[in-house]
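Protein chains in written order, with my numbering: chain Z, 1 to 113; chain R, 114 to 229. Glycine is no exception: its CB is placed at the ideal position from the N, C-alpha and C atoms. Please read the structure below before turning to the comments.
Here you go:
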């Protein structure tokens with residue numbers, strides 16, 4: 001399986017603190033993405049990092065990718081209560097040339113006001 | 114802003130019945146997907162669809178499931194003879210040509226299926 005696996009499974013922090021979530025995957029990838037899901041809602045794309053990139057920023061988000069370790073991290077700086085959600089990493093997983101994006105189990109982030 | 118729309122938002126059905134979940138992807142997108150998420154669990158890939166045919170499918174997507182793009186706008190998931198374990202949230206997603214099939218996915222809000 002090429003699923004990403006996130007850790008921690010759950011994270012509780014105070015507003016203003018930084019939140020770091022990690023993702024590991026098993027095989028080579030073209031890109032890795034991070035998504036957010038509010039409870040009971042659809043997933044929303046946050047950021048995509050390509051396999052030849054090591055770091056990417058978007059607002060308060062910072063993503064790193066280490067292809068040698070097959071891992072990625074998502075850092076949310078200066079967290080807000082509104083950041084409370086589940087966060088998933090996703091990798092392109094097809095080994096047959098088709099289109100298949102696989103999601104990890106996710107990290108549940110709770111930001112306390 | 115364009116969005117993926119799904120209907121129904123919630124469907125309750127009896128075990129053994131057929132269910133059709135409908136999705137309207139973003140209009141200029143070419144790649145379509147179905148995922149499911151059992152309550153509180155991971156988002157599981159079911160199938161991807163491109164150029165009017167299945168691109169990839171998971172082991173979950175057995176003969177009980179089928180997908181169709183009956184016209185230029187709808188993308189449907191049919192579940193024949195539903196089972197209790199089919200109870201889940203089903204998400205449709207689409208992506209555009211510029212990202213290929215492995216770029217940013219745009220998700221609908223999901224259809225919750227409850228099988229009794």
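Relative to the Cα of residue 21 of chain Z, the nearest Cα in the group Z:96, Z:101 and Z:83 belongs to Z:83. For the region 150-170 of chain R, the residues whose beta carbon sits under 7 angstroms from a beta carbon of chain Z are, in order, 155, 156, 158, 161, 163, 168 and 169. DSSP lists R:126 as the beta-bridge partner residues of residue 228 of chain R. With a 10 Å radius around the Cβ and a threshold of 16 neighbouring Cβ atoms, residue 90 of chain Z comes out buried.
Straight-line measurement puts the Cα of residue 8 of chain Z at about 9 angstroms from the Cα of residue 109 of chain Z. Straight-line spacing of the CA atoms in residue 131 of chain R and residue 49 of chain Z works out to 40 angstroms. Of all residues in the region 36-58 of chain Z, the ones placed with a Cβ closer than 9 angstroms to any Cβ belonging to chain R are 37, 40, 41, 42, 43, 44, 45 and 48, in chain order. If you draw a straight line from the Cα of residue 146 of chain R to the Cα of residue 182 of chain R, it comes to about 11 angstroms. Rounded to the nearest angstrom, the gap between the Cα atoms of residue 228 of chain R and residue 19 of chain Z is 38 angstroms.
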